[in-house]
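One structure is given here, and the rest of the page talks about it.
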Amino acid sequence: MSRLPVGRWLVWAFLSVFTVLTLFPIYWAINTSFKSPVEVYAQPPTFIPRDFTTAAYRWVLDGGKAMPAFRDSAIVSLSATVLAVTIGTLAGYAFSRFGPQVGGDRLAFWLLTTRMTPPIVAALPLFFLFQDIGLVDTYQGLILAYLAFNVPLATWMMRSFFNDVPRSYEEAAYLDGYSLFRTFYRVTLPLVMPGIVATSILVWIFSWNEFLLALVLSGREISPFPPLLPTLASGYQIQWNNITALSLFAVIPPVLIIVLFRQHLVRGLSLGAVANR
Amino acid sequence: MRVKQPLTLPAAARVARPRRATGLNRSLGPRLMVAPAVIVVLALTLFPMLWSLQKSFYAWFPSRGATSTWVGLDNYLWVFTSERFWNSMGNLAFLLFFGVGAQMVLGTALALALYEGVGNARLRVLLLTLFLLPMMMPPIVIGDLWAFILTPQSGVLNFLLRQIGVPAQNWTGAELGMLSITITDVWQWTALPLVIAFSGRSSLPTSIYEAARLDGASRWFVTRRITLPLLKDLLVIALLLRLMDAYKFFDAAYIITRGGPGTATELPGLLTYLVGFKDFDIGRAAALTWVIGLIAVIVMQSLWNMLRTRRA
Chain A
1 MSRLPVGRWL VWAFLSVFTV LTLFPIYWAI NTSFKSPVEV YAQPPTFIPR DFTTAAYRWV
61 LDGGKAMPAF RDSAIVSLSA TVLAVTIGTL AGYAFSRFGP QVGGDRLAFW LLTTRMTPPI
121 VAALPLFFLF QDIGLVDTYQ GLILAYLAFN VPLATWMMRS FFNDVPRSYE EAAYLDGYSL
181 FRTFYRVTLP LVMPGIVATS ILVWIFSWNE FLLALVLSGR EISPFPPLLP TLASGYQIQW
241 NNITALSLFA VIPPVLIIVL FRQHLVRGLS LGAVANR
Chain B
1001 MRVKQPLTLP AAARVARPRR ATGLNRSLGP RLMVAPAVIV VLALTLFPML WSLQKSFYAW
1061 FPSRGATSTW VGLDNYLWVF TSERFWNSMG NLAFLLFFGV GAQMVLGTAL ALALYEGVGN
1121 ARLRVLLLTL FLLPMMMPPI VIGDLWAFIL TPQSGVLNFL LRQIGVPAQN WTGAELGMLS
1181 ITITDVWQWT ALPLVIAFSG RSSLPTSIYE AARLDGASRW FVTRRITLPL LKDLLVIALL
1241 LRLMDAYKFF DAAYIITRGG PGTATELPGL LTYLVGFKDF DIGRAAALTW VIGLIAVIVM
1301 QSLWNMLRTR RA
C-alpha cells in the first residue's frame, strides 16, 4: 500500500480531533466540579479553577440527597442484575439446547422485541398498575420494572454464550445418567461463567444508567441518582459544580468496568453479532 | 448434534439410558427453565398493554378526578391528526438520519483509522477504550454535561465560538435544539459502530491484504473495494441496533430541552411522557403508547425477516 505522508497526517488529525471531542465534556465536568458556584458562571469561563475548592464533593458526600440516591441506585441495579441474569441464564440454556421445544426463535425474538420498545410504553401503565398495588416508590417495584427490559437482554446474551459450548459434554453426562438440571448445573454452567460475567456487567450498567422508569416509578420515598439530576439542573442559578461532581461519581463505576472488561462488552452490545477475540 | 458412541458401553445400556433422560424431565425441564422469563416478561408487558388498550378508549384526567368517559377512537384520531405527533415523528426522522448517519460514518472511519493507521498496539487499545467511554456513561449524565456546555449565555461552547469569530448561538432554541440533542447522541453512540467495525476489521484475514498490496492496489481502493464490502453485514447489524436504540431516545432530550421550546424538540417517547405525566391526559398517552409500540414491533419484525432471508 502506498505510504503517502498526507494520508498518515489525515489519519492522525482525524484521531486527534475525535480524542479532543471525546475528552472535552469530561474535562469540562472535572474542571467545573472544583469551582465555586460563582466561578461556574464567570465570563469568560475559566479553564482551570481560579479558586480551587472541593465544596461540590463535600456536598455530594455530606449532603442529604446524593448519597441516598447512590444507595438506592446500588440496591435496585444490583438486585435487578442478580434476578435478571438468573432468570435469563435458565431461559437462555433452554433456548440454546431445546429451541423448538420451548417456542424456538419466535419466542426468543418476542422476548427481544420488548427490549426494543420505548420504555415509556411500559412506564405509563406500570405507574398506574403499581399505584393500585402499592409498588410505586418501592425498591421491589423498580426492580420488577427493570426486569421487563433486562430479562430479554440476559436471555438473548446467555443463549448466544450457551451456543458456543459444545454439546458433547452434556451428551456424555446424560449417558452417565445425569438429569437435565444436574447436567446444566454441574457440566454446562461452569463452562459459561465468562458469559455470565459479561451478561451481568452489561445488565448492571443498563440498570445503573436507567432514567425513564426511575423518573416515573420513584422519586419521593426512594430515588436513584438519574431522576435527581434533572431536578438539580432546572430553574435559575443552577449549581453546576454540584451537578458535575455528582455526575462524575455516577460515571466512575461504569468507566472502571469498561476499562477492565472491554473485551467482554463488545459481544453483548452487539447482541451477539460480534464474538470475543 | 453429533454424539460420539462410547465403544465400551453395552448395546442395551446405550438404548436404555438416553431414553431415561428423554423422559419427563427432558420435555418438562426446558419449559420450566423458560417459564420464569416468560412469566416475568408477560406480566410486565401484557398487563400493562391491556391496561393501556382499555384506557386508550377513554378520556381520563386523573388530576381532575377519577371519572373517565368513553370516547371510542377519538384518542387515536387525535394521535394521527395532531401536529404534535407528526412533529415528533419529523424530529425522530432528523435524529435517525443525521444522528445515526453520522455515527455510522464516523464510527466506521475511526475504526479503520485506528486499526490501519495506528501501529503501536498499546496506543491503539488506549484510544479504543477512550472512545468507548461515552457509550457506558449514563445518558442522563451526558445530557447534563452537554446542557451545561450548550447553555446560551454562559456556556463554554458559545465562548469558544466567539473566540473564533462565530456569533453566539441559541443552542436550546427552536432552530438548533434538535441539532444539539443529536450532537449528544452522536457523542455517546459513535462508539457502537466503531467497536463493531473494529472487531470485524481485526478478524479479516491478512492474506487478502497482502494479495492486494502485491497487485499494487491503493489504500483507498482496498478500503472501498475490499474492507467495506467484507464488513457490510456487520455494519448493517450495527445500523439496525442504532436505529432501534435511537427510537427509544429520551434522557438527554428530557434534560436539555424537555421537548421545548414549545414542541420544537419533542420525540415520540418524550411526547408520550409529556402527554401522560405533564398534561395528565392518560387516554391520549395510552393511545400514543400503542401507536409507537406497534410501530416498534412492526419495524422490528420486518427487519428481522429481512435479515433472515438475507442470511438464508
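Order-wise, the sequence lines are chains A and B. The numbering of the first sequence is my numbering, which starts it at 1 and goes up by one. The numbering of the second sequence is my numbering, which starts it at 1001 and goes up by one. Ideal Cβ placement from N, Cα and C applies to all residues, glycine included. All values reported here derive from a predicted model rather than from experimental measurement.
For residue i, the residue or residues it bridges with in DSSP
| i | result |
| --- | --- |
| B:Tyr1058 | B:Trp1070 |
Candidates the options: closest to residue i by CA position
| i | options | result |
| --- | --- | --- |
| A:Arg159 | A:Phe128, A:Gly195, A:Leu83, A:Ser218 | A:Gly195 |
| B:Ile1292 | B:Asp1279, B:Lys1248, B:Gly1283, B:Ala1252 | B:Lys1248 |
| B:Val1071 | B:Phe1198, B:Ser1052, B:Tyr1058, B:Pro1152 | B:Tyr1058 |
| B:Gly1029 | A:Arg50, A:Ser179, A:Asp164 | A:Ser179 |
| A:Phe130 | B:Gly1216, B:Phe1047, B:Thr1272 | B:Phe1047 |
| B:Ile1196 | B:Leu1176, B:Leu1157, B:Arg1242 | B:Arg1242 |
| A:Asp302 | A:Asp72, A:Phe14, A:Leu21 | A query on residue 302 of chain A cannot be resolved here, the shown segment of chain A reaching from 1 to 277 and no further. |
| B:Leu1032 | A:Gly103, A:Ile48, A:Ala80 | A:Gly103 |
| A:Pro166 | A:Leu147, A:Pro190, A:Asn150 | A:Pro190 |
| B:Trp1290 | A:Trp204, A:Phe162, A:Ala123, A:Trp59 | A:Ala123 |
| B:Gly1177 | B:Leu1192, B:Ser1199, B:Phe1080, B:Leu1150 | B:Leu1150 |
| A:Met67 | A:Ile257, A:Leu229, A:Gln237 | A:Leu229 |
| A:Gly88 | A:Arg58, A:Phe24, A:Trp156 | A:Trp156 |
| A:Val151 | A:Leu83, A:Trp59, A:Pro226, A:Ala55 | A:Leu83 |
| B:Leu1092 | B:Thr1182, B:Ser1199, B:Thr1067, B:Ser1203 | B:Thr1182 |
| B:Val1236 | B:Ile1298, B:Leu1095, B:Leu1179, B:Arg1308 | B:Arg1308 |
| B:Leu1161 | A:Pro45, A:Ala29, A:Thr32 | A:Pro45 |
| B:Ser1202 | B:Ala1217, B:Leu1230, B:Leu1303 | B:Leu1230 |
| B:Gly1283 | B:Pro1062, B:Thr1129, B:Ala1035 | B:Pro1062 |
| B:Ala1191 | A:Arg8, A:Ala13, A:Phe18 | A:Phe18 |
| B:Ala1296 | A:Tyr236, A:Asp176, A:Thr113 | A:Thr113 |
| A:Thr199 | A:Thr86, A:Leu142, A:Ser234, A:Ser223 | A:Thr86 |
| A:Arg262 | B:Ser1027, B:Leu1053, B:Leu1126, B:Phe1097 | B:Leu1126 |
| A:Ser33 | A:Gln43, A:Thr22, A:Ser16, A:Asp51 | A:Asp51 |
| B:Gly1155 | B:Gly1165, B:Val1141, B:Leu1228, B:Trp1171 | B:Trp1171 |
| A:Ser207 | A:Leu175, A:Thr188, A:Ala74, A:His264 | A:Ala74 |
Alpha-carbon to alpha-carbon, residue j and residue i
| i | j | result |
| --- | --- | --- |
| A:Trp110 | B:Ala1043 | 14 Å |
| B:Leu1301 | B:Leu1239 | The identity of residue 1301 of chain B in the sequence shown is Gln, whereas the question assumes Leu. Approximately 16 Å between the Cα atoms of the pair. |
| A:Val40 | B:Ala1147 | 14 Å |
| B:Trp1060 | A:Ile120 | 18 Å |
| A:Asn209 | A:Ser218 | 15 Å |
| A:Arg97 | B:Leu1234 | 26 Å |
| B:Arg1124 | B:Leu1194 | 13 Å |
| B:Gln1169 | B:Pro1152 | 7 Å |
| B:Ala1109 | B:Arg1224 | 12 Å |
| B:Thr1022 | A:Leu153 | Because the pLDDT at B:Thr1022 is just 48, under 50, the model does not fix this residue reliably, and the value given afterwards should be weighed accordingly. Going by the C-alpha atoms only, they are around 29 Å apart. |
| B:Phe1080 | B:Asp1074 | 10 Å |
| A:Ala173 | A:Tyr93 | 16 Å |
| A:Phe225 | B:Ala1212 | 53 Å |
| B:Ser1207 | B:Gly1173 | 53 Å |
| A:Ala29 | A:Leu213 | 26 Å |
| B:Val1038 | A:Ser77 | 21 Å |
| A:Gly64 | A:Ile258 | 30 Å |
| B:Met1001 | B:Val1034 | The predicted position of B:Met1001 is uncertain, since its pLDDT is 39 and thus under 50; no value can be drawn from it. |
| A:Phe95 | A:Lys35 | 54 Å |
| B:Leu1303 | A:Thr117 | 14 Å |
| A:Ala233 | A:Phe70 | 18 Å |
| B:Leu1271 | A:Phe127 | 17 Å |
| A:Leu23 | A:Ser79 | 32 Å |
The ligand SAM heavy atom lying under 6 Å from the CB of residue i
| i | result |
| --- | --- |
| B:Gln1163 | As far as ligands go, the structure on display features none, and thus does not contain the ligand SAM. |
| query | Taking any Cβ of chain B, which residues in the region 78 to 89 of chain A have a Cβ under 7 Å from it, in chain order? | reply | Ile87, Gly88
| field | Residues within the region 1120 to 1146 of chain B neighbouring chain A, beta-carbon criterion of under 7 Å | value | Leu1127, Thr1129, Leu1130, Phe1131, Leu1132, Leu1133, Pro1134, Met1136, Met1137, Pro1138, Pro1139, Ile1140, Val1141, Asp1144, Leu1145, Trp1146
| query | When Cβ atoms are compared, which residues of the region 243 to 265 of chain A fall closer than 9 Å to chain B? | reply | Ile243, Thr244, Leu246, Ser247, Leu248, Ala250, Val251, Pro254, Val255, Ile257, Ile258, Val259, Arg262, Leu265
| Does the pairing of the region 236 to 254 of chain A with the region 167 to 183 of chain A give three or more beta-carbon distances under 8 Å? | no
| query | Going along the chain, which residues of the region 1052 to 1066 of chain B sit with their C-beta nearer than 7 Å to a C-beta in chain A? | reply | Ser1052
| message | Quick check: the region 1268 to 1286 of chain B against the region 1128 to 1144 of chain B, are at least 3 beta-carbon pairs closer than 8 Å? | response | no
| said: With three or more C-beta pairs closer than 8 Å as the rule, is the region 1082 to 1089 of chain B touching the region 1098 to 1106 of chain B? | reply: no
| message | By the 9 Å beta-carbon criterion, what residues does the region 180 to 203 of chain A contribute toward chain B? | response | Leu180, Phe181, Thr183, Phe184
| field | Given 8 Å, three or more beta-carbon pairs between the region 1244 to 1261 of chain B and the region 1114 to 1121 of chain B | value | no
| request: May I ask you to list, following chain order, the residues of the region 1070 to 1096 of chain B that have a beta carbon less than 8 Å from some beta carbon of chain A? | output: none
| task | Compile a chain-ordered list of the residues in the region 56 to 69 of chain A whose CB is closer than 7 Å to at least one CB of chain B. | result | none
| task | Could you list the residues in the region 153 to 169 of chain A with a C-beta less than 8 Å from some C-beta on chain B, going in chain order? | result | Thr155, Arg167, Ser168
| query | Which of the residues in the region 42 to 55 of chain A, read from start to end, lie with their CB under 7 Å from any CB of chain B? | reply | Gln43, Pro44, Pro45
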